[in-house]
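A quick write-up on the structure given underneath.
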Amino acid sequence: MLKQILLFFIGSLFFSSCSSPEQSQDKMIDFQKVKYDPAYTLKEISAAINRDPHNATHYFKRAQFYVEANNYTAALKDINQAIAQDEEKGEYYFRKAQILRKTGNYAAALTAATRAEDLNFRSTDLDVLLGELYLFSKKYGMALQYLNDAAEETPQNEYIYFYRGLAYAQTRDTMAAIRNFKSAIRRSPDLVEAYNQLVKIYFARKEDALALDYLRAGQKQDSANAYLWFYRGEYYNNLKQVDSAYISYRNAIKYDSLLYLARQRLGILAFNKNKYSEAAAEIEKALKHSDNLPQAHLVLGESYERTGKLEQALAHYQWIYKREPENIKAMWGVRRTMYQLYKIKRDSLRQDEKERRDSLLAIFRARRQAQAENKKIQKIKND
């Protein structure tokens with residue numbers, strides 16, 4: 001997903017709150033004075049909590065401070081404390097949902113977000129967040145419902161259209177997906193993920209010329225985007241321009257070493273050039289991230305077989321044959337490598353037996369020679 005999604009605090013200022021601070025005898029913190037000194041700000045908020053530990057607002061503000069500092073564990077602890085002090089504050093659940101979403105706990109984030117809605121907290125940001133979380137939950141109809149509501153409220157928010165594009169793509173409404181990704185780009189030309197999605201769709205539709213247009217436009221925005229380099233490799237691969245494809249896949253890995261599909265493609269290209277050691281190395285790295293890549297185990301089996309690593313080759317042929325008994329290449333790979341391993345073992349046993357016989361024969365000859373020498377010496381003595 002997007003790495004720079006700005007779902008936190010859209011349209012709000014640092015430490016701002018939708019409600020007025022609770023009445024207290026504590027002196028108010030002058031945030032205008034201390035906002036550029038994070039350590040002092042944290043100290044002041046913590047001091048306020050110590051003076052009035054039952055004031056939910058203080059915990060809420062400190063939770064926001066921790067979010068800004070990317071300390072989500074501390075932020076979650078404080079927002080939970082704020083909720084414990086005031087369970088009917090919808091905004092607190094909304095902030096909790098945002099924190100949980102940032103930590104990847106989407107199910108818990110959805111629970112918190114729906115609770116915020118139940119408590120009548122209303123915000124476009126909440127609609128976008130709910131749309132995103134329902135998208136992650138593969139409830140595409142619900143996702144679109146919230147995203148459509150958000151679009152009516154803030155039609156210039158590019159992420160609304162991006163998420164709608166993802167939802168439509170998952171429901172196979174390709175034309176609607178394309179329209180929404182294009183709308184996202186019109187509102188934010190630097191939203192590279194939207195270019196990626198359009199390129200992916202156009203390649204799937206065999207419309208390589210359109211894919212190339214968005215590929216080039218995307219790379220103008222971000223020349224170091226690994227996925228765009230991967231898709232450039234796909235474009236060249238489709239044209240059988242293997243050298244250019246190889247360079248593109250290499251660049252994809254340069255910018256994202258975990259992009260295993262690029263490694264798989266590199267492995268296949270190397271295999272087709274009879275570079276079996278390189279092919280095996282790339283495919284092995286790819287399989288660390290996904291064990292079920294197309295052709296991967298077959299390429300590995302053949303690469304290991306051709307470099308004499310028969311036991312490793314057999315393991316990959318057997319992996320395929322166990323899952324695809326009708327796979328002729330895998331079947332013959334199993335038979336071929338098993339026979340070669342049998343021959344090696346048989347020849348090894350024969351060699352061992354020959355060496356044993358030769359050793360015994362050498363001993364026998366040495367004894368006969370010694371006996372002959374002794375007879376000679378005895379004859380000389382007798383004469």
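Residue 131 in full-length UniProt numbering sits at position 131 of the sequence shown; the count goes up by one each step and never skips. Ideal Cβ positions, reconstructed from N, Cα and C, are used throughout, including at glycine.
Short check: CB of residue i to CB of residue j, under 9 angstroms?
i           : j      : result
Leu42       : Phe60  : no
Gln181      : Ala167 : The residue you asked about is not Gln; residue 181 is Phe in the sequence shown. No; because the gap between Cβ atoms is not below 9 angstroms, this pair is not in contact.
Lys99       : Gly131 : The sequence given here has Ile at residue 99, not Lys. Not in contact: Ile99 and Gly131 (Cβ atoms no closer than 9 angstroms).
Arg101      : Ile79  : no
Trp229      : Tyr255 : yes
Arg115      : Gly141 : no
Tyr235      : Leu212 : yes
Val67       : Ala56  : no
His58       : Ala48  : yes
Asp190      : Asp149 : no
Thr171      : Arg205 : no
Tyr249      : Arg265 : yes
Ala252      : Ile268 : no
Asn157      : Thr124 : yes
Ile178      : Leu147 : no
Leu349      : Gly333 : no
Glu305      : Arg346 : no
Ala330      : Leu293 : no
Val242      : Asn272 : yes
residue 386 : Ser303 : With the chain covering only 1 through 383, there is no way to say anything about residue 386.
Leu215      : Tyr231 : yes
Arg62       : Ile45  : yes
Measure how close the beta-carbons of residue i and residue j come, nearest whole angstrom, since I'm counting them as under 8 angstroms.
i           : j      : result
Ser300      : His316 : In the sequence on display, residue 300 carries Leu and not Ser. That pair is a contact at about 5 angstroms.
Leu310      : Gln340 : 5 angstroms
Arg263      : Ala245 : Contact doesn't hold; Cβ gap of about 13 angstroms is too wide.
residue 461 : Ala184 : Residue 461 is absent from the model: the chain starts at 1 and stops at 383.
Tyr106      : Leu133 : 6 angstroms
Glu117      : Leu126 : 7 angstroms
Ala97       : Leu129 : 6 angstroms
Gly218      : Asn225 : 7 angstroms
Leu119      : Glu88  : 6 angstroms
Ile201      : Ala151 : Between Ala151 and Ile201 the Cβ distance is about 21 angstroms, and since that is not below 8 angstroms, they are no contact.
His54       : Gln85  : 6 angstroms
Asn238      : Asp208 : 6 angstroms
Pick helix, strand or coil for residue i, following the three-state DSSP scheme.
i      : result
Gln241 : coil
Phe203 : helix
Thr154 : coil
Leu119 : coil
Gly267 : helix
Thr103 : coil
Leu210 : helix
Ser248 : helix
Pro38  : helix
Lys376 : helix
Ala286 : helix
Lys273 : coil
Ala108 : helix
Ser348 : helix
Ala226 : helix
Asp52  : coil
Asp26  : The predicted model places Asp26 with a pLDDT of 41, which falls under 50 and marks its position as unreliable; any figure quoted below should be read in that light. The answer is coil: DSSP assigns Asp26 none of H, G, I, E or B.
Ser257 : coil
Ser359 : helix
Ser46  : helix
Lys220 : helix
Lys139 : coil
Pro21  : Confidence at Pro21 is low in this model, with a pLDDT of 35, below 50, so its placement is unreliable and the value that follows should be read with caution. Residue state, collapsed to three classes: coil.
Under 8 angstroms from any heavy atom of the ligand MG, does the C-beta of residue i make it?
i      : result
Tyr236 : The ligand MG is not part of the structure shown, which contains no ligands of any sort.
Q. For the UniProt repeat "TPR" (158-191), which segments carrying the alpha helix (DSSP H) assignment without a break, of at least 4 residues, lie completely within its bounds, in sequence order?
A. 158-170 and 174-187
Q | Contained alpha helix (DSSP H) runs [length at least 4] in the segment 290-344, N- to C-terminal order | A | 296-306 and 310-323
Q: Tell me the start and end of each unbroken alpha helix (DSSP H) in the UniProt repeat "TPR" (56-89) that is at least 4 residues and wholly inside, in chain order.
A: 56-68 and 72-85
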